[in-house]
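Below you'll find the structure, written out as structure tokens, and then a few comments.
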Amino acid sequence: MDQINWSQFITLFLIFGGAYLILEVVRRATIGGIKGATDDHGQHTKAQGIFRILRIIVFAAFLIAIIFTATFNRHQVNQPREDLGHQLNMKQNKEIDEAALKAKIKAKEEKYKEKSLEETNKASEESYDQFIKEKQSNQ
5 MDQINWSQFI TLFLIFGGAY LILEVVRRAT IGGIKGATDD HGQHTKAQGI FRILRIIVFA
65 AFLIAIIFTA TFNRHQVNQP REDLGHQLNM KQNKEIDEAA LKAKIKAKEE KYKEKSLEET
125 NKASEESYDQ FIKEKQSNQ
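The numbering used here applies: residue 5 is where the sequence shown begins, and numbers increase by one.
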């Protein structure tokens, strides 16, 4: 089960709860300042309609924020552990690859040195044999 970072939800409740309380205080102060909550025909005033719309907007924003936080939070809580392990594995794999590459290069250098030595020895032996043949033919 996914872990949830509750501090983000608590922060959202506090922010939107505070916004709703401020909106409600302003609404009551405004509508309370108007004589009567309805006009002469029993219809709600414009102020009540505006505050009703604002209340719906605040509540909808709160729900959207909770949904996004829950969705984002689930990935955020689980992701770093996976990323950390993945980065650690990649770092270890890179080190292993570098060590293997160095060993491969060293082996090729050794092989090249041996081959070079063999060729040098062979050339030396051939030139020595030729030198002896020339010396014997000169005598």
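For glycine and all other residues, C-beta sits at the position ideal for the given N, C-alpha and C.
Residue i versus the options, residue with shortest Cα-Cα distance
| i | options | result |
| --- | --- | --- |
| Gln12 | Glu99, Thr73 and Gly22 | Thr73 |
| Arg59 | Ile71, Ile70, Val30 and Thr75 | Val30 |
| Leu16 | Lys50, Tyr116, Val62 and Ala33 | Val62 |
| Ala69 | Glu122, Leu18, Lys137 and Glu123 | Leu18 |
Status (buried if at least 16 other CB within 10 Å, exposed otherwise) for residue i
| i | result |
| --- | --- |
| Phe55 | buried |
| Gln134 | exposed |
| Met5 | The predicted model places Met5 with a pLDDT of 41, which falls under 50 and marks its position as unreliable, so this point remains unresolved. |
Integer-rounded CB distance, given that residue j should sit under 8 Å from residue i
| i | j | result |
| --- | --- | --- |
| Phe20 | Ala51 | Not quite, the Cβ-Cβ distance comes to about 22 Å (not below 8 Å), so this is no contact. |
The ligand COA heavy atom lying under 8 Å from the CB of residue i
| i | result |
| --- | --- |
| Phe13 | Within the structure as shown, the ligand COA is missing, as the structure has no ligands at all. |
CB contact below 9 Å: residue i versus chain B
| i | result |
| --- | --- |
| Arg32 | Of the protein chains in this structure there is only one, and it is not chain B. |
- Task: Entirely within the segment 92-123 and at least 4 residues each: give me those alpha helix (DSSP H) ranges in chain order.
- Result: none
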